[in-house]
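Take a look at the structure below.
In my numbering, the protein residues as written are 290 to 673.
Here it is, written out as structure tokens:
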């Protein structure tokens, strides 16, 4: 009966041969065995809605047509199997992960958010904040709220402000930044935000920072003074903003010179052996050598992608080939998270570049490819 979707083995529950149940085939399973009439299926959908406050896309028509149907009572020997069906249909917390098929709404939100949809970014942020279908991640929620707010989404700005003011979860408390986001929300038309702050009548520019300077994504945000001095000294030689380089280092290594990833990426800017060799790095654990190699690669990527910071970061993480293949940030969760994290520290979308750097290597993409990339999806995978 199973169509390949994830299911729930109910052999132990009913003492019969194993049967795989999933949301798509539960109704047919019950109907064939005359465990409940056809109308009761809609009641189960209603029950799921009442219990989880969620309507799935394929449920919408049934729910709309039958929302007034009362739940159908099932008792006696049939109760265990119907109770199991309710669990399968509702997808309640506590059910084994294998019992819930991948949420198509979540996948769609991730895709749209990656393409820059403010509404999708806001709704995805709400899921991360409330742990709805995903593991709770306050910092990811905040970053998504900020991205949406920078596209004039008032509610996203309001939520970003609240998270900063409360300082809950993984978000560091910063009242100044919180009030700044609330002023932005009020200027964008949020009446609720306006009750908290005195916002000017004219538009207010969104804050440059998404998080407080010392907030953490699991890495130390404030670089050691010696490292900052070295980056500040070297970065201009490669035409790079030192703050962009420091943001990359923060997410890559947390400013540790001795870190090695499970993909054998090494040092401050996490260079794999191939990239180290490509850019003349003999000792990837030597801070200056590592920085010079990483900066060369970052400079090259910025030239390759015509100064698009988002695409350059995706290329730094997943490789420029993956960016070209997917015509934008690759759909790898690791790469997408990586880009979000770096840009939460360094939110600028453009960076000066020297196109001759890419052209001199004979590897610059065609202009039409770059133009197409600029309007394609956003997204960490295998290191360079």
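Cβ coordinates follow ideal geometry from the N, Cα and C atoms, glycine included.
query                                                                                                                : result
Cβ shell of residue 512 (< 6 Å), same chain only, five flanking positions each side left out                         : 535, 544
Alpha-carbon spacing of residue 594 relative to residue 484, whole angstroms                                         : 44 Å
Three-state class that DSSP yields for residue 560 in the structure shown                                            : strand
Segments of 4+ residues assigned as alpha helix (DSSP H) that fall wholly inside the region 445–483                  : 464–476
Own chain partners of residue 631 with C-beta closer than 7 Å, once the 5 adjacent residues on each side are dropped : 536, 537, 540, 602
N- and C-terminal bounds of the alpha helix (DSSP H) containing residue 630                                          : 622–634
Run of the alpha helix (DSSP H) containing residue 585, from where it starts to where it stops                       : 576–593
Environment of residue 521 [buried if 16+ CB atoms lie within 10 Å]                                                  : exposed
Where residue 427 falls: helix, strand or coil (DSSP)                                                                : helix
Reduced DSSP secondary structure (H/G/I, E/B, other) of residue 549                                                  : strand
Whether residue 549 touches residue 555 by CB criterion (7 Å)                                                        : yes
Reference residue 565, options 605, 529, 531, closest by Cα                                                          : 605
Residue 720, DSSP secondary structure in three states                                                                : In the structure as shown, the chain starts at 290 and stops at 673, and residue 720 therefore has no counterpart that could be examined.
Start and end residues, alpha helix (DSSP H) containing residue 531                                                  : 531–542
Among 576, 518, 459, 441, nearest to residue 473 - alpha-carbon criterion                                            : 441
C-alpha distance - residue 491 paired with residue 476, whole-angstrom precision                                     : With a pLDDT of 47 at residue 491, under the threshold of 50, the modelled position of this residue cannot be trusted; read the value that follows with caution. If I take the Cα positions, the gap works out to 7 Å.
Separation of residue 410 from residue 519, as counted between CA atoms                                              : 36 Å
Within 7 Å, strictly: CB atoms of residue 643 and residue 592                                                        : yes
Rounded separation between residue 428 and residue 623 - CA only                                                     : 15 Å
Contact belief for residue 445 with residue 437 at Cβ below 8 Å, rounded distance in angstroms                       : 4 Å
Element boundaries [alpha helix (DSSP H), containing residue 614]                                                    : 609–615
DSSP bridge partner residues for residue 639 (one or two, in chain order)                                            : 597
Rounded C-alpha distance that separates residue 629 from residue 618                                                 : 11 Å
Cβ pair residue 553, residue 561 closer than 7 Å                                                                     : yes
Environment of residue 559 [buried if 16+ CB atoms lie within 10 Å]                                                  : buried
Counted within 10 angstroms of its Cβ, other Cβ atoms place residue 625 as buried (16 or more) or exposed            : buried
C-alpha gap between residue 480 and residue 469, whole angstroms                                                     : 15 Å
Contact set for residue 609: own chain, Cβ-Cβ below 7 Å, skip 5 residues either direction                            : 590, 593
From 596, 637, 517, residue whose alpha carbon lies closest to that of residue 580                                   : 517
Alpha helix (DSSP H) segment containing residue 522, residue limits                                                  : 514–523
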